[in-house]
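Encoded as structure tokens, the structure appears first; notes follow it.
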Amino acid sequence: MNAQALLTQLYDTPETDILEQISSLKTELGDQVLILGHHYQREEVFAFADVSGDSLKLSQQAAETTAPYVIFCGVHFMAETADILTSDEQTVILPDLAAGCSMADMADDEQVERCWAELSDVISPDLCVTPVTYINSTASLKSFCGEHGGIVCTSGNAQKVLEWSWNNREKILFFPDQYLGENTAVAMGIADEDMIIWDPFLPLGGNTPEAIQQARLILWKGFCSVHQFFKPEHAATMRNNHADIEILAHPECSRDVCEVSDFIGSTEMIIKHVSQAPAGSKFAIATELNLVNRLRIQFPDKPIWFLSPMICMCSTMFRTDPQHLCLALTSVRDAIKHNHSVSNQITVPHEQQRWAKLSLERMLNLV
Ligand code: 13P
Ligand code: SF4
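The working numbering numbers the first residue of the sequence shown as 905 and each following residue consecutively.
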């Protein structure tokens, strides 16, 4: 049966049966398969992750595992990263190939190459600019960074990466997330006059040559639509309604939200912060809903609110459902039994692997 037919059949099967099938396939496959699950995954899928984490922890895990098959319950750039960091003999699977990241789509090769060329008209980027890509980007942009003396960062290590980058060269080109770059720089005490925004749809990114020459940080105009739902007025309402509440924000939130927050960190850092707080601590959290709901269940003694009154979920993370996970495990079992290839394998082209790996290793060596 082909993958599409099997998926159709799985959607006609009661979910309890699917969950049982996943459990028994996991038992049957044992160490042959490792399931990585990002914190934004829905509960029914997250429950089957062998390792859960933020992008940093999951990329470290991918670099360390010897499992022949890695099923990445996350989004496309995460599975690409895992493919780059695993050996050629290991196979990485993304259960639903349509699970992308809208922020990662906000910078492509052509735009970044054009930006570099335009910068070359004004400064010498290969001498004075470190390109830094957020891990939420395509493998080819990670490759671009590797080739041009640059590096990858995650929301869990952005400050260390910016320090490393400024130690090497006087300027940074940071893409695709303006806010992670900006919020990190603000926390490091970088002045507004030292930062400019690069709009990829405008000549010179919408800047004058003088502004580019003076800038220390060039921030790509990209963002996460999920995290843009949080507003500073939501924090004000929470503080009015609940005395002593702490506002926790992911650094993909806009600067005005981070400025009124008490704590800014990656998903892993937010979880750690909540888990270490004494019972009775109150939190309003500005990050994806599945994670916030999980924290509520995990810590019933610590009242937790979702910061926005609107429900904002990452719809692409949500694409990975039990049916797709079951399909991925079935495909691995059949591939082992019949010695054929799996469905939904993620393979980063060889020519991108080398430089992309270098930019990732530069980051992993800093942590
Ligand atoms: P973390 O690395 O903090 O888990 O964030 C990944 C992500 O895509 C957040 O939107
Ligand atoms: Fe991308 Fe935003 Fe979803 Fe994270 S939450 S995967 S940045 S779209």
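All C-beta atoms in this analysis are idealised placements derived from N, C-alpha and C, irrespective of residue type, glycine included.
Legend entry - Coarse secondary structure for P1029, derived from DSSP in three states: helix
Inset, instruction - List the endpoints of the continuous beta strand (DSSP E) containing T1088. - result: Not the beta strand (DSSP E): T1088 falls in the alpha helix (DSSP H), residues 1082-1091.
Legend entry - Cβ separation of A1188 and K1206, assumed to be a contact under 8 Å, to the nearest whole Å: About 12 Å separates the two Cβ atoms, so there is no contact after all.
Inset, instruction - Tell me where the alpha helix (DSSP H) around A1043 begins and ends. - result: 1043-1051
Inset, instruction - Pull up the CB-CB distance for I1094 and I1116, whole angstroms please, since I reckon it's below 8 Å. - result: The pair is not a contact, with the Cβ atoms about 16 Å apart (cut-off 8 Å).
Legend entry - ligand 2 heavy atom lying under 7 Å from the CB of Y1083: no
Inset, instruction - Reducing DSSP to helix, strand and coil, say where A1153 ends up. - result: strand
Inset, instruction - Report yes if the C-beta of D958 is less than 7 Å from at least one heavy atom of ligand 1; otherwise report no. - result: yes
Legend entry - For F1133, three-class secondary structure by DSSP: helix
Legend entry - Environment of H1254 [buried if 16+ CB atoms lie within 10 Å]: exposed
Inset, instruction - Using only the heavy atoms of ligand 1, determine whether one of them is closer than 7 Å to the beta carbon of G1060. - result: yes
Legend entry - At least 3 beta-carbon pairs within less than 8 Å: the stretch 1142-1154 vs the stretch 929-944: no
Legend entry - Chain-order list of residues whose beta-carbon lies under 7 Å from that of W1020 (same chain, five-residue window excluded): P1029
Legend entry - Segment limits, alpha helix (DSSP H) that includes T920: 919-933
Legend entry - Contact belief for S959 with I1039 at Cβ below 8 Å, rounded distance in angstroms: 5 Å
Inset, instruction - Give me the Cα-Cα distance between F1222 and P1113, rounded to the nearest whole angstrom. - result: 43 Å
Inset, instruction - Spatial neighbours of D954 within its chain, please: CB distance less than 6 Å, with the 5 preceding and 5 following residues excluded, ordered by chain position. - result: L938, I939
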